[in-house]
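Count the sequence shown with the working numbering and you get residues -10 to 333, in order. From the three backbone atoms N, C-alpha and C, an ideal C-beta is built for every residue, glycine too. Everything below concerns the one structure shown next.
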Amino acid sequence: VVQSRVEVYDVVSRSLAGNHNYAELPHGCHIGAVWNLLWTWGRPNIDYNKLFVWQRVNHFPDSKFLTRKDCLKRCVDRPQMVEAFRVIPDTFVLPRDYCQFVDAYTNNRSLDPPKTMWILKPVSLSRGRGISVISDISEVHYREPSIIQEYIEKPLLLDEYKFDLRVYVLVMSFNPLEAYIYKEGFARLATVKYSSSPSNYRNRLMHLTNTSVQRKHAGSLPYDKHRMLGGKLVLVIEPRCFFRGTKLSFEDLSDRLEERGIGWAILWEKVKDVVVRTLVMCEHMINFQVNSFELYGFDVIFDESLRAWLLEVNSSPSMNLDTLLDERIKVALIRYGTSIFGIR
């Protein structure tokens, strides 16, 4: 496990701790040494063609076609598939598609009621960096290749807060496609109640559910706290944390939605459908590579009509273990993933 990202090293090494079929190589050992599993944050600088068939690397060489926002747009917008496989809101790559964006912007404003919200994102950044919500074309400013995407103005809310889903997908092979969707994950919540009023467009805490954005807000409560009770340090779980924290487990989200008469089983089928359609549309761009696998973070949101939309796909999703919930889900996720390709 390469130590360039401490949080990745921690969760992978912890997940495999106690596994008698796995031994960690000493740090600083040359990558050419004999190994079974290489786990890195970014794509490693290795020659995949020189690997033995039993060696596994946690990145595909051509993953950008799924994880770069402009490349994803190209994959899912093929004319023969765009209608049957529409999984993302209307999206335009800037500056290339600026004229098409202007046409869509004009058409949306002529609707009754008008649709005026768009979200602007750099194509290669993550964790909410460089993202802005806009309502007027004069606000479209960018210094690097970006996409502009129709904003889901009427999302499904949880207690008046916007949320989306971080869905973990392990792909073992593209073309032929072999993928596993992990049954647990996170609902990522905003910490300011949602409003589509133009006066709130610049409120990142209302519109961006990224944990890296929300965790800095005073309204983002910890899921768990250690306190001194009776002279002992004990763990206290506060119910209110499950309503204004930045994340919920799918299990907790399911309970909350079921209380409102929204069946989680139906929503989960829609999530799986979005994931499968996305992978099918992109698989022809990512060559078969026998040594590769990859864990992706699919970000999915529901609108008020309960339609699922793909927002983006993340390579190397965050492995930070900030809370007990992180530890419970992510450690089990890595254990499950490594068991699939034979490190048991």
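Hey, residue i and residue j are a contact pair by Cβ (cut 8 Å); roughly how many whole angstroms apart?
i       : j      : result
Leu159  : Val129 : With a Cβ gap of about 37 Å, Leu159 and Val129 do not count as contacting.
Val(-3) : Leu299 : 24 Å between Cβ atoms; not a contact.
Val260  : Ala297 : 6 Å
Ile329  : Met195 : Between Met195 and Ile329 the Cβ distance is about 38 Å, and since that is not below 8 Å, they are no contact.
Asp36   : Leu310 : 33 Å between Cβ atoms; not a contact.
At least one CB of chain D closer than 8 Å to the CB of residue i: is that the case?
i      : result
Asn199 : No chain D is part of this structure, which consists of one protein chain only.
Closest to residue i by C-alpha separation, out of the options, would be which residue?
i      : options                           : result
Thr235 : Met270, Ala176, Phe287 and Thr267 : Ala176
Pro111 : Val82, Leu14, Glu139 and Lys104   : Val82
Asn25  : Pro84, Gln44, Gly31 and Phe49     : Gln44
Tyr140 : Ile120, Ser328 and Glu167         : Ile120
Asn38  : Asn164, Val23 and Ser281          : Ser281
Phe41  : Leu27, Val1, Phe54 and Asp79      : Leu27
Gln203 : Glu247, Phe152 and Glu240         : Phe152
Asp292 : Arg32, Lys143, Lys53 and Asn97    : Lys143
Met270 : Asn96, Thr29 and Asn164           : Asn164
Glu272 : Cys64, Asn97 and Ser304           : Cys64
Arg57  : Ser304, Asn189 and Ser294         : Ser304
Val302 : Glu316, Gly286 and Phe49          : Gly286
Lys172 : Pro33, Asn192, Asp241 and Leu146  : Asp241
Pro84  : Val279, Arg132 and Leu313         : Arg132
Arg118 : Arg193, Lys53, Gly174 and Tyr183  : Arg193
Lys319 : Phe49, His48, Phe90 and Gly174    : Gly174
In whole angstroms, what separates the C-alpha of residue i from that of residue j?
i       : j      : result
Val289  : Leu100 : 26 Å
Ser186  : Glu149 : 14 Å
Val181  : Leu61  : 30 Å
Ala93   : Leu114 : 25 Å
Ser238  : Arg155 : 10 Å
Phe277  : Asp51  : 10 Å
Thr80   : Asp86  : 9 Å
Val366  : Tyr190 : As displayed, the chain neither begins before -10 nor continues past 333, which places residue 366 out of reach and without an answer.
Val(-5) : Thr29  : 11 Å
Gly31   : Pro102 : 44 Å
Trp253  : Asp244 : 8 Å
Glu247  : Asp262 : 21 Å
Val23   : Pro33  : 16 Å
Asp315  : Leu5   : 16 Å
Ser188  : Arg98  : 18 Å
Cys88   : Thr95  : 11 Å
Lys53   : Leu268 : 13 Å
Ala12   : Phe49  : 24 Å
Ile255  : Val264 : 15 Å
Trp257  : Arg317 : 20 Å
Val394  : Pro78  : For the chain, the structure presents residues -10 to 333; residue 394 sits outside this window and is missing.
Thr312  : Val91  : 44 Å
Met308  : Tyr183 : 28 Å
Please tell me whether residue i and residue j are closer than 8 Å, where the distance is taken between their beta carbons.
i      : j      : result
Thr105 : Ser127 : no
Trp107 : Ile136 : no
Leu284 : Gly326 : yes
Leu55  : Ile275 : yes
Val1   : Ile323 : yes
Thr198 : Leu178 : yes
Tyr169 : Pro306 : no
Leu295 : Leu145 : yes
Asp66  : Pro134 : no
Arg116 : Ser201 : yes
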